[in-house]
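Peer 1: Pasting a structure below so you can have a look.
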Amino acid sequence: MAFGFDPEARRNYAYASLGAVTDAAKAAIGTFYGRAPRYSYFAGCSKGGQEGLAVAHRYPDAFDGIVAAAPGMSLPRAALAQAWDVQTFGRLVPPGPDGVRPFGQLAGTFSTSELGIVRQAILKACDAKDGLADGLVAHYGQCGNEDVLPVLRGFACTGQRNGQCLSNLQIDALVRSMSGPRKSDGSPLYVRFPWDGGVGEPGWAVWKLGLAKEGVPALSIVVGGSALSAIFQTPPKLVAADPQGMMQWQMAYDFDRDADAIYRAQAPFPASGWDMMSARSPDIDGFRAAGGKLIVPHGAADPVFSLDDTLQWYREVDARYAGKGADTVRVFPVPGMNHCEGGPSTDRYDAFAAMVDWVEQGRAPEQLNAVAAAASPWPGRTRPICRYPAYARYKGQGDVEKKESFECVRG
196 MAFGFDPEAR
206 RNYAYASLGA
216 VTDAAKAAIG
226 TFYGRAPRYS
236 YFAGCSKGGQ
246 EGLAVAHRYP
256 DAFDGIVAAA
266 PGMSLPRAAL
276 AQAWDVQTFG
286 RLVPPGPDGV
296 RPFGQLAGTF
306 STSELGIVRQ
316 AILKACDAKD
326 GLADGLVAHY
336 GQCGNEDVLP
346 VLRGFACTGQ
356 RNGQCLSNLQ
366 IDALVRSMSG
376 PRKSDGSPLY
386 VRFPWDGGVG
396 EPGWAVWKLG
406 LAKEGVPALS
416 IVVGGSALSA
426 IFQTPPKLVA
436 ADPQGMMQWQ
446 MAYDFDRDAD
456 AIYRAQAPFP
466 ASGWDMMSAR
476 SPDIDGFRAA
486 GGKLIVPHGA
496 ADPVFSLDDT
506 LQWYREVDAR
516 YAGKGADTVR
526 VFPVPGMNHC
536 EGGPSTDRYD
546 AFAAMVDWVE
556 QGRAPEQLNA
566 VAAAASPWPG
576 RTRPICRYPA
586 YARYKGQGDV
596 EKKESFECVR
606 G
C-alpha cells in the first residue's frame with residue numbers, strides 16, 4: 196500500500212485512472228475495428244464495484260450499463276469496521292507475557308463448530324420469516340439483534356467452552372461486530388451488518404477471524420488495516436507490514452480520536468480519503484440523464500461491505516428521484532452470499548446478461564435467476580434473486596429446490 200503516500204497515486208487508485216483507461220480502451224477498439232463501440236459496459240465486484248459507482252458519478256457518459264457488485268461505496272468507513280472487528284475479536288485472544296495478542300490466535304476465538312452454532316442460531320431465529328425454513332434468510336430486513344440475540348443466549352455455555360456452546364464473551368463480541376463501529380458516545384461510524392445464514396461461513400470468517408486450519412490471517416488485518424493506515428486516512432501512517440504489527444496498530448486504534456482522519460485533508464493531500472474514495476452519493480444526475488443503467492448485486496452475508504449500506508444508498512437515490520430510482524438503478528440482495536460469491540447461497544447468476552437486455556432491449560430486470568454452486572449445501576438449487584425491496588417467498592406448494600416455486604413479494 197506504499198502508493199498511499201503519493202497524492203497522485205491515491206487519486207488514481209480512487210477514480211482518476213478509470214477515465215484514462217476507458218478513453219484508451221475505446222480508442223484501441225476504434226482503431227482495431229474502424230468504428231467506436233455501439234454499447235459500452237463496465238462490470239466489477241468489491242473495489243471493482245466501487246469503481247463502477249465512481250464511473251457513474253465522475254464519468255457519467257462513459258458506459259451505457261454498469262454492474263457494480265458488492266460495491267465498496269464507503270471504503271474508508273468499511274475499513275473502520277475492519278479495525279473495529281480486529282479489536283472486538285482480538286480481545287478474546289489472551290495476551291502473551293509481553294502483553295501482545297498473537298494474530299495467529301484470532302482464528303481460534305471461534306472454532307468451526309462454534310461458527311456452526313452461530314449459523315444455526317440465525318437460521319432458527321429468522322429462516323422461516325420468508326415462508327420456508329430452507330437455510331436461506333430471504334427476508335433479511337426482518338432479522339435483527341432482537342430476533343437473534345435471545346437465540347444466541349440460548350446456546351450460552353454453562354461451563355467451559357466445549358465446541359457445543361458459545362461463551363457470553365463470544366456472543367457479546369459477535370453482536371458488537373455485527374452492530375458496526377461506533378464512537379464512545381454511540382454515534383455510528385459505519386452501518387450494521389445483516390444477520391444472515393452466511394455469517395460464520397469460511398467466506399465470512401476469513402475476513403473477520405482468519406482461517407486456522409489453512410493458516411490464513413484475518414483479511415481485516417492484512418487488507419483492511421494496511422488500507423486504512425496508508426490510503427484512507429490523512430496523513431498516511433507507516434505501520435509494520437507484517438500481520439502482527441498491523442494487528443497491534445488496529446488494537447490501539449482510538450475511534451474517538453483517530454476515525455476523523457478519513458475526512459481530513461492537508462498538504463500534500465488536497466482531498467481526504469473519503470472525498471476521493473466514496474462513491475455513495477445519491478446524486479447520479481449525469482448518469483441518469485445519459486440514459487445509463489446500473490445493476491447492483493450484493494451478498495447479505497458480505498463481511499466486508501455491508502448490504503445495509505447499499506440498501507440505504509438506494510433508498511436515498513430513490514428519494515432523490517421521487518420514487519423513480521429503479522428507472523436507473525436496481526439492487527439485488529443475495530441471501531447467504533459472502534463477499535462477491537460463496538456462502539450457503541444461490542450465487543451463480545448472470546447480472547451482465549440482464550444488464551445487456553436492459554440497455555439494448557429495454558427489459559428492466561425484476562429478478563436474476565440464480566443457481567447454487569457445487570460447493571453449496573444444495574448443489575443445483577435455483578432461486579429468484581429479487582429486486583429490492585422484494586424478497587423470494589415460497590408459494591406454499593411445489594419443489595422447494597426450484598425457483599418456479601417462489602415469487603418476489605414486498606412486505
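FYI, in our numbering the residues of the sequence shown are 196 to 606.
Heads up, the beta-carbon is just placed ideally off N, CA and C, and yes, glycines get one too.
Remember, it's a predicted structure, so these values are computed and weren't measured experimentally.
1. Give me the residue from Val313, Glu309, His334, Ser540 with the minimum Cα distance to cysteine 321.
2. Ignoring anything shorter than 3 residues or poking outside the region 242-267, list the beta strand (DSSP E) runs there in chain order.
3. Where arginine 314 and alanine 425 are concerned, what is the direct C-alpha to C-alpha distance, given to the nearest angstrom?
4. Take the Cβ of glutamine 355 as the centre, count every other Cβ of all protein chains shown within 10 Å, and call the residue buried at 16 or more, exposed below.
5. What's the gap between the Cα of glycine 358 and the Cα of serine 571?
6. Inspect the beta-carbon positions of proline 465 and proline 202 and report whether they are closer than 8 Å.
7. By DSSP, does glycine 593 sit in helix, in strand, or in coil?
8. Taking DSSP's pairing of strands, which residues face histidine 493 in a bridge?
9. Please return the same chain residues whose Cβ sits closer than 7 Å to the Cβ of tyrosine 234, not counting the five positions on each side in sequence.
10. Evaluate serine 308 with the Cβ neighbour count: other Cβ atoms within 10 Å of its Cβ, from every protein chain shown; 16 or more gives buried, anything less gives exposed.
11. Give the C-beta separation of alanine 648 and methionine 471 to the nearest angstrom, bearing in mind that I take them to be a contact with Cβ-Cβ under 8 Å.
12. Around the Cβ of valine 216, are there at least 16 other Cβ atoms within 10 angstroms (buried) or fewer (exposed)?
13. Does DSSP put threonine 217 in a helix, in a strand, or in coil?
14. Could you say if the region 441-456 and the region 230-247 meet the contact criterion of at least three C-beta pairs nearer than 8 Å?
15. Pick out whichever of Asp552, Phe284, Thr541 has its Cα sitting closest to the Cα of tryptophan 402.
16. Here's the rule: buried if 16 or more other CB atoms are within 10 angstroms of the residue's CB, otherwise exposed. What is leucine 433?
17. Expressed to the nearest angstrom, what Euclidean distance is found between the alpha-carbon atoms of arginine 576 and glutamine 592?
18. Quick check on the DSSP output: what are the complete alpha helix (DSSP H) runs of length 4 or more inside the region 367-407, in order along the chain?
19. Helix, strand or coil: how does DSSP classify glycine 336 here?
20. Give me the residue from Gly294, Leu327, Gly405 with the minimum Cα distance to leucine 301.
21. Helix, strand or coil: how does DSSP classify valine 418 here?
22. Just to confirm before moving on: does the CB-CB distance between leucine 331 and glycine 395 stay below 8 Å?
23. Do we get a CB-CB distance below 8 Å when we pair aspartate 480 with the residues of chain B?
24. May I ask you to list the residues that DSSP assigns as paired with asparagine 564?
25. Just verifying my parser: in three-state terms, what is the DSSP assignment at lysine 488?
26. What is the rounded straight-line gap between the Cα of serine 467 and the Cα of tyrosine 583?
27. Should aspartate 380 be labelled buried (16 or more other beta-carbon atoms within 10 Å of its own) or exposed?
28. So, with DSSP's three-state summary, where would you put leucine 609?
29. Residue range of the beta strand (DSSP E) that valine 604 falls in?
30. Would you mind sorting aspartate 480 into buried or exposed? The rule is 16 or more other CB atoms within 10 Å of its CB.
31. Compute the Euclidean distance between the alpha carbons of alanine 460 and serine 476, then round it to the nearest angstrom.
32. Going by the beta-carbon positions, is the gap between proline 574 and alanine 565 smaller than 8 Å?
33. Check this for me: beta carbons of alanine 278 and glycine 419, under 8 Å apart or not?
34. Please state if the CB of valine 529 and the CB of valine 491 are separated by a distance shorter than 8 Å.
35. Could you pull out every residue in the same chain whose Cβ sits closer than 8 Å to the Cβ of aspartate 503, ignoring the five residues on either side in sequence?
36. Going by the beta-carbon positions, is the gap between glycine 375 and glycine 494 smaller than 8 Å?
Peer 2: Quick look at the numbers:
1. His334
2. 260-264
3. So the alpha carbons of these two residues sit roughly 35 Å apart.
4. exposed
5. 23 Å
6. yes
7. Residue state, collapsed to three classes: coil.
8. Pro528
9. In its chain, beyond the 5 residues on either side, Asp259, Val554, Glu555 have a beta carbon closer than 7 Å to the beta carbon of tyrosine 234.
10. exposed
11. Absent from the model: residue 648. The displayed extent of the chain is 196 to 606, so no value can be given.
12. exposed
13. helix
14. no
15. Measuring from the Cα of tryptophan 402, the nearest candidate turns out to be Phe284.
16. exposed
17. 16 Å
18. 397-403
19. helix
20. Gly405
21. helix
22. no
23. The displayed structure is made up of one protein chain only, and chain B is not part of it.
24. Pro579
25. Lysine 488 carries a strand assignment under DSSP once its states are collapsed to helix, strand and coil.
26. 32 Å
27. exposed
28. The chain is shown from 196 up to 606; residue 609 falls before or after that span and cannot be answered.
29. 601-604
30. Aspartate 480 is classed as exposed because its beta carbon has fewer than 16 other beta carbons within 10 Å across all chains shown.
31. 19 Å
32. no
33. yes
34. 8 Å or more divides the Cβ of valine 491 from the Cβ of valine 529.
35. Non-local C-beta neighbours of aspartate 503 in its own chain, meaning closer than 8 Å and more than five positions away in sequence, comprise Val386, Arg387, Phe388, Pro389, ordered along the chain.
36. no
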